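Written below as structure tokens is the structure these notes are about.
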């Protein structure tokens, strides 16, 4: 029975990672159709919140037991933690404006070693040898996967900057979601955190698109950061019925739900290994949907990063990879 539950968990996590891995390619397609980062993130979070609200109502009505409710303090903490969720989406989507999806996902996966650093700071303890080796492998894999060893390749520094920022923000999201209000049902917790993320998205919408359109002072402020005025335009509500539904499903509804169903069965160690599927899926989707070229040396780098994730999450000699595993997560 235990093996059967682990297999179910593996399938849930694998499906969630695969679906999430497709997300950036659809974001890139929406950009090609003229939509802005503000419109894309707003549609994703608004429809995502609506979807989670419906799922929460269904769960509340059909549950045979009373579901735990967060305290007012926990709600505030979860919303604050959720701001990193909004920042991750914003930074990642800005990143893919400047560089290929296949490279952006590699930058996002730097959260693998970012988490090692954060963990060491919190524990006030230097990481063990295996984690140090895994981190070095990730960095080497990143060098190959981004094809930086090719001197002819010129990556837009803005894409690299926002990609690293997305990785840092994603690291914070993982740590806070695994430590705050763990007794609260996953769907309810996700909705509260997504609400915090939505606040960041709405602020960005105002200062990057709506505000500069109507207020000259905000336009002057906006032009201090970029000379691109194409995003200063009325909000295009067609994003909600063109890409919004797909972005919400693939970004804020299905993957978190599948992860919440799968991780308790697999444990964080095995779950993190399986969830790394989003890296090859994202690159493959970009290849087939967007026609992005991925050369052999980049695939070598991706394989190295995947191997590092496996190495970092392997059980120690006196532990087995079971659902109670508390090894470092991605």
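Numbering (the numbering used here), first residue to last: 4 to 333.
Glycine included, each C-beta is placed from N, C-alpha and C at the ideal position.
Source: prediction; values computed, not measured.
Simplified DSSP state of residue i, which is helix, strand or coil
{"i": "residue 295", "result": "coil"}
{"i": "residue 280", "result": "coil"}
{"i": "residue 37", "result": "coil"}
{"i": "residue 186", "result": "coil"}
{"i": "residue 215", "result": "helix"}
{"i": "residue 235", "result": "coil"}
{"i": "residue 25", "result": "coil"}
{"i": "residue 170", "result": "helix"}
{"i": "residue 330", "result": "Low per-residue confidence applies at residue 330: pLDDT is 42, beneath 50, and the placement is therefore not dependable enough to give any value."}
{"i": "residue 175", "result": "helix"}
{"i": "residue 130", "result": "coil"}
{"i": "residue 290", "result": "helix"}
{"i": "residue 68", "result": "coil"}
{"i": "residue 62", "result": "helix"}
{"i": "residue 223", "result": "helix"}
{"i": "residue 113", "result": "coil"}
{"i": "residue 146", "result": "helix"}
{"i": "residue 105", "result": "helix"}
{"i": "residue 3", "result": "Examination of residue 3 is not possible in this model, given that the chain is present from 4 through 333 alone."}
{"i": "residue 14", "result": "helix"}
{"i": "residue 151", "result": "coil"}
{"i": "residue 240", "result": "coil"}
{"i": "residue 229", "result": "coil"}
Cβ distance (whole Å) where residue i is taken to contact residue j below 8 angstroms
{"i": "residue 81", "j": "residue 183", "result": "6 angstroms"}
{"i": "residue 251", "j": "residue 83", "result": "Wrong, their Cβ atoms sit about 23 angstroms apart, outside the cutoff."}
{"i": "residue 269", "j": "residue 9", "result": "6 angstroms"}
{"i": "residue 114", "j": "residue 301", "result": "With a Cβ gap of about 19 angstroms, residue 114 and residue 301 do not count as contacting."}
{"i": "residue 54", "j": "residue 102", "result": "30 angstroms between Cβ atoms; not a contact."}
{"i": "residue 228", "j": "residue 171", "result": "At roughly 19 angstroms, the Cβ-Cβ gap does not stay under 8 angstroms, so residue 228 and residue 171 are not in contact."}
{"i": "residue 179", "j": "residue 87", "result": "7 angstroms"}
Spatial neighbours of residue i in its chain, beta-carbon cut-off 7 angstroms, leaving aside the 5 residues before and after
{"i": "residue 221", "result": "210, 214, 215"}
{"i": "residue 59", "result": "190, 191, 194"}
{"i": "residue 334", "result": "Outside the displayed range of the chain (4 to 333) lies residue 334, so it cannot be described from this structure."}
{"i": "residue 78", "result": "195"}
Local Cβ density within 10 Å of residue i, reported as buried at 16 or more and exposed below that
{"i": "residue 191", "result": "buried"}
{"i": "residue 233", "result": "exposed"}
{"i": "residue 3", "result": "Not covered by the structure: residue 3. The range shown for the chain is 4 to 333."}
{"i": "residue 303", "result": "exposed"}
{"i": "residue 66", "result": "exposed"}
{"i": "residue 71", "result": "exposed"}
{"i": "residue 63", "result": "exposed"}
{"i": "residue 128", "result": "exposed"}
Neighbourhood of residue i by C-beta distance below 6 angstroms, restricted to the same chain and skipping five residues each side
{"i": "residue 284", "result": "21, 24"}
{"i": "residue 292", "result": "28"}
{"i": "residue 188", "result": "70"}
{"i": "residue 225", "result": "215"}
{"i": "residue 208", "result": "41, 45"}
{"i": "residue 322", "result": "Below a pLDDT of 50, predicted positions are generally treated as unreliable, and residue 322, at 48, falls in that range; the measurement from the model is reported next regardless. So no residue of the chain qualifies."}
{"i": "residue 137", "result": "311, 314, 315"}
Limits of the unbroken alpha helix (DSSP H) element including residue i
{"i": "residue 96", "result": "75-101"}
{"i": "residue 250", "result": "248-251"}
Beta-carbon proximity list for residue i, same chain, < 8 angstroms, skipping 5 on both sides
{"i": "residue 46", "result": "242, 243, 246, 247, 250, 251"}
Contact with chain C by residue i, beta-carbon distance below 8 angstroms
{"i": "residue 268", "result": "You won't find chain C in this structure, because it holds only one protein chain."}
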